[in-house]
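Heads up: the sequence shown is residues 1 to 214, going by UniProt numbering.
Note that beta-carbon positions come from the ideal geometry of N, C-alpha and C, so glycine has one too.
Quick notes on the structure that follows.
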Amino acid sequence: MNTTFRPALLVIDMQYDFVHGSLAVEGGHSIIDTVNLLLALPFVAKIASKDYHPPNHISFAETHQKPVFSKIRLLHPDGGEESLEQVLWPVHCVADTPGSEFVEGLHSGALTSIVHKGTHPSIEMYSAFRDPWHLENTVLPSVLESHGVTDVFIVGIAGDYCVKSTALDAVDFGYKTWVVRDAVRSVSFEGTEWTDMQLKGVRIVDSEEVKRMI
Ligand code: VGL
Ligand code: ZN
């Protein structure tokens, strides 16, 4: 058994609303085939996250009666001065609605686990590992630990939000972290997420290279 390289695939938020629905990301549909190719490789774990919000979630513009895509400051849930900028999104990925389902065509039968995130009404959670205040972990850290994972390969949506936050946390949790560029799509066209991730130690690869590695 190879104990020095135990790769996991993390499929981030490949859900109806991010591909066809209220927060559809440009080109989201075009990465489904590539994600499916990667899902067929012998990773030790194949884990998908689902953005999974209550109807009145704090990240929804409607919750604050403010314009979609406007920004607010969110205070630390336990009080104090600390705050984070929050983009206010259209209502998306509400738990148990069609918008939160995996996008049609995704080979979800190949998955070994599913991680739900953003389920708490008053806490935004872009990362599949934990909330931005580091108050609570999802099940992802323990799932990765239970499989003895050494390397995580991240794909999905959105490159500049949930993929990036998940990748930075993967580095913080001590994993060798790879983001598969041609299996990611972003909300904005600025493209700064790639250098932001690289500067923090994330390795950017393409799917052809991953096929040779796994
Ligand atoms: C995401 C915006 C709001 C994402 C989730 O999956 O990147 N983006 N919620
Ligand atoms: Zn969300």
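- A direct Cα-to-Cα measurement between Ser188 and Glu145 gives close to 33 Å.
- Note: Pro42 is not bridge-paired with any residue in the DSSP secondary-structure output.
- Separation of the CB atoms of Ala48 and Leu135 is rounded to 23 Å, and the pair is thereby denied contact status at 8 Å.
- Where Trp178 is concerned, the enclosing beta strand (DSSP E) starts and stops at 176 to 185.
- A direct Cα-to-Cα measurement between Ala128 and His116 gives close to 8 Å.
- In terms of Cβ geometry, Ile157 and Arg185 form a close pair [threshold 8 Å].
- Secondary structure of Val87 (DSSP, three-state): strand.
- The three-state reading of DSSP puts Val171 in helix, counting H, G and I together.
- The DSSP assignment places 140 to 146 as complete runs of the alpha helix (DSSP H) inside the region 126 to 164, in order along the chain (cut-off: 4 residues).
- In this structure, Leu88 and Lys71 form a Cβ contact; the two beta carbons are roughly 7 Å apart against a cut-off of 8 Å.
- Distances taken from the Cβ of Asp51 to the heavy atoms of the ligand ZN include one shorter than 7 Å.
- Inclusion of Ile157 in the 7 Å shell around the ligand VGL follows from its C-beta lying nearer than that to a non-hydrogen atom of the ligand.
- Across the structure, Ser142 and Val25 are spaced so that their CA atoms are roughly 30 Å apart.
- Within 7 Å of the C-beta of Asp131 there is not a single heavy atom belonging to the ligand VGL.
- Membership of Lys117 in the beta strand (DSSP E) is indicated by the continuous run 113 to 117.
- In the three-state DSSP reduction, Phe189 falls in the coil class, being neither helix nor strand.
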